[in-house]
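Terminal number for the sequence shown in the working numbering: 411, no gaps in between. Notes follow the structure.
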Amino acid sequence: MLTLESFEQAAEIVQRAADQTKLTYSGYLSQQCGNKVYLKPENMQVTGAYKIRGAYYKISTLTEEERSRGLITASAGNHAQGVAYAAKAYGCKAVIVMPTTTPLMKVNRTKSYGAEVVLYGDVYDEAADHAQKLAEEHGYTFIHPFDDPVVATGQGTIAMEIVKELPLVDYILVPVGGGGLATGVSTLAKMLNPKIKVIAVEPAGANCLQESLRAGDPVTLPKVNTIADGTAVKTPGINIFPYLQENIDDIITVEDDELVVAFLDMVENHKMIVENSGLLTVAALKHLDVKGKKIVCILSGGNMDIITMSSVVQHGLIQRERIFTVSTLLPDKPGELVNVASIIAKEQGNVIRLDHNQFVSTNRNAAVELKITIEAFGPDHKKKIIDALSAGGYNPKVISVLM
Numbered sequence: 009m010l011t012l013e014s015f016e017q018a019a020e021i022v023q024r025a026a027d028q029t030k031l032t033y034s035g036y037l038s039q040q041c042g043n044k045v046y047l048k049p050e051n052m053q054v055t056g057a058y059k060i061r062g063a064y065y066k067i068s069t070l071t072e073e074e075r076s077r078g079l080i081t082a083s084a085g086n087h088a089q090g091v092a093y094a095a096k097a098y099g100c101k102a103v104i105v106m107p108t109t110t111p112l113m114k115v116n117r118t119k120s121y122g123a124e125v126v127l128y129g130d131v132y133d134e135a136a137d138h139a140q141k142l143a144e145e146h147g148y149t150f151i152h153p154f155d156d157p158v159v160a161t162g163q164g165t166i167a168m169e170i171v172k173e174l175p176l177v178d179y180i181l182v183p184v185g186g187g188g189l190a191t192g193v194s195t196l197a198k199m200l201n202p203k204i205k206v207i208a209v210e211p212a213g214a215n216c217l218q219e220s221l222r223a224g225d226p227v228t229l230p231k232v233n234t235i236a237d238g239t240a241v242k243t244p245g246i247n248i249f250p251y252l253q254e255n256i257d258d259i260i261t262v263e264d265d266e267l268v269v270a271f272l273d274m275v276e277n278h279k280m281i282v283e284n285s286g287l288l289t290v291a292a293l294k295h296l297d298v299k300g301k302k303i304v305c306i307l308s309g310g311n312m313d314i315i316t317m318s319s320v321v322q323h324g325l326i327q328r329e330r331i332f333t334v335s336t337l338l339p340d341k342p343g344e345l346v347n348v349a350s351i352i353a354k355e356q357g358n359v360i361r362l363d364h365n366q367f368v369s370t371n372r373n374a375a376v377e378l379k380i381t382i383e384a385f386g387p388d389h390k391k392k393i394i395d396a397l398s399a400g401g402y403n404p405k406v407i408s409v410l411m
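Shown next as structure tokens:
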């Protein structure tokens, strides 16, 4: 069902709603991995993610009768916004079932396009089952977020844009949840140039495609556990699985901690907000054992709520040892706290928080506990501050405490 003609048709229709996001060359990432790295910023789409492509194209292929019944889908957020936006454009009713764990920003954005939102289940799969039941009860037309060749065709228009801009691309890295994006991109990329390598990237805590490719058939994971909520899927698409088997050249899994660091890289070096699922391809660059190649990382989305963003930044700074907390005991007498602060200031450390506990011991004259959270320039500066505190007669111990 995925033909070159259908991709060409999709490209023409999709451009009515979606932006042709231009590739951005990343000098920073290129230097880091020894390749020429380009970013495909689908996080800059009108709905903040690539999903508008597949949703709009799918709805364009429906009959008037199918659209008039109302549309329903299940989504962790990005497909939800794509369907809601496209439904509004076509004058259709849209009901979106979202997991209860969906970030508030994605819920509110979906509602802003006029869709009715139903929160159900902890993960996508539970929301999808509920959406299917509602579709049967009310006669809605179900728009699957990934396990539909027509939806995948719409997503595949990304590959057409990449090849037009960078004809000699060697590798395309594509994030994977259920596999719709990977199906469209890999299938069209191989049609346009069989030499292009398409690498799927999954969260290690939701590696349903990796396990399915190993087994030779779609596998359902017992559970998923990842901060990449947009790719927290237990089972890859059954209908699209043969395309993934045929066209995906390799698969890389990424740990959540790597996504945290990748988020800081994108903010600091590219001034872009990319959600955790969209960061999979950036984090995967460190796992790709090639040099001197032209690589495109698809940044699938940028819909990230402020609370999640704050948590990711905090954890990222801790991982990079730019924020750390030490605990030390000191006598309970005037001047000790000033002395500790002076040592830190002399080493150009910035105190973020102090916790002065006089009741850690029944003998206050012998010791009180001081916990200090400090901002540093990095690992070397952190060590310098700790060494200075040790030389000053204190015995600082690094502890794992978030701000």
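From the three backbone atoms N, C-alpha and C, an ideal C-beta is built for every residue, glycine too.
Kindly indicate the opening and closing residues of the alpha helix (DSSP H) around residue i.
i, result
"S398", "P387 to A399"
"E134", "Y132 to H146"
"Y128", "Where Y128 is concerned, there is no enclosing alpha helix (DSSP H), given that its DSSP letter is neither H nor E."
"V269", "D264 to H278"
"E72", "E72 to S76"
"A291", "L288 to A292"
"V115", "L112 to S120"
List the endpoints of the continuous beta strand (DSSP E) containing residue i.
i, result
"S335", "I331 to L338"
"N365", "N358 to N365"
"L205", "The residue asked about is misnamed: residue 205 is Lys in this sequence, not Leu. Per DSSP, K205 belongs to the beta strand (DSSP E) from K205 to P211."
What is the DSSP secondary structure of residue i, reduced to helix, strand or coil?
i, result
"M199", "helix"
"L378", "strand"
"A57", "strand"
"K30", "coil"
"C305", "strand"
"H152", "coil"
"L47", "strand"
"I315", "helix"
"P107", "coil"
"K341", "coil"
"E254", "helix"
"L181", "strand"
"L174", "coil"
"T81", "strand"
"I21", "helix"
"I67", "helix"
"I281", "coil"
"V227", "coil"
"K101", "coil"
"P404", "coil"
"V159", "helix"
Cβ atoms of residue j and residue i: under 7 Å apart, would you say?
i, j, result
"L422", "V184", "With the chain represented from 9 up to 411, any question about residue 422 goes unanswered, as that position is not in the structure."
"A82", "A123", "no"
"L200", "V171", "yes"
"K66", "I306", "no"
"V227", "S220", "yes"
"Q327", "V268", "yes"
"Y148", "H138", "no"
"P244", "M9", "no"
"L19", "T191", "In the sequence as presented, Leu is not what sits at residue 19; that position holds Ala. No."
"N233", "D155", "no"
"L181", "A292", "yes"
"S14", "T161", "yes"
"Q28", "E169", "yes"
"E283", "A212", "no"
"R61", "V22", "yes"
"T381", "I407", "no"
"D178", "K301", "yes"
"D3", "I207", "Only positions 9 to 411 of the chain appear in this structure, which leaves residue 3 out of reach."
"G187", "L252", "yes"
In whole angstroms, what separates the C-alpha of residue i from that of residue j?
i, j, result
"P111", "Y46", "28 Å"
"A167", "Q17", "14 Å"
"I151", "A63", "8 Å"
"D237", "R222", "24 Å"
"G357", "I393", "7 Å"
"A84", "V131", "8 Å"
"E73", "L142", "18 Å"
"L31", "L296", "20 Å"
"K242", "I314", "26 Å"
"S68", "R117", "22 Å"
"L176", "K405", "52 Å"
"S38", "A375", "52 Å"
"Y36", "E344", "44 Å"
"T11", "M280", "34 Å"
"I104", "G310", "20 Å"
"H146", "N255", "38 Å"
"K391", "P250", "52 Å"
I want to know whether the segment 399 to 408 touches the segment 331 to 351 - three or more CB-CB distances under 8 Å.
yes
Can you confirm whether the segment 69 to 80 touches the segment 329 to 339 when touching is taken to mean that 3 or more C-beta pairs between the two stretches lie within less than 8 Å?
no
Is it the case that the segment 88 to 104 contacts the segment 50 to 68, given that we only count it when at least three CB pairs across the two stretches are under 8 Å?
yes
Under 8 Å: do the segment 203 to 219 and the segment 99 to 111 share three or more Cβ pairs, one atom per stretch?
no
Mind the definition here: the segment 378 to 398 touches the segment 318 to 333 only if three or more C-beta pairs lie below 8 Å; say whether that holds.
yes
The segment 263 to 277 touching the segment 317 to 325, judged by at least three CB pairs closer than 8 Å:
yes
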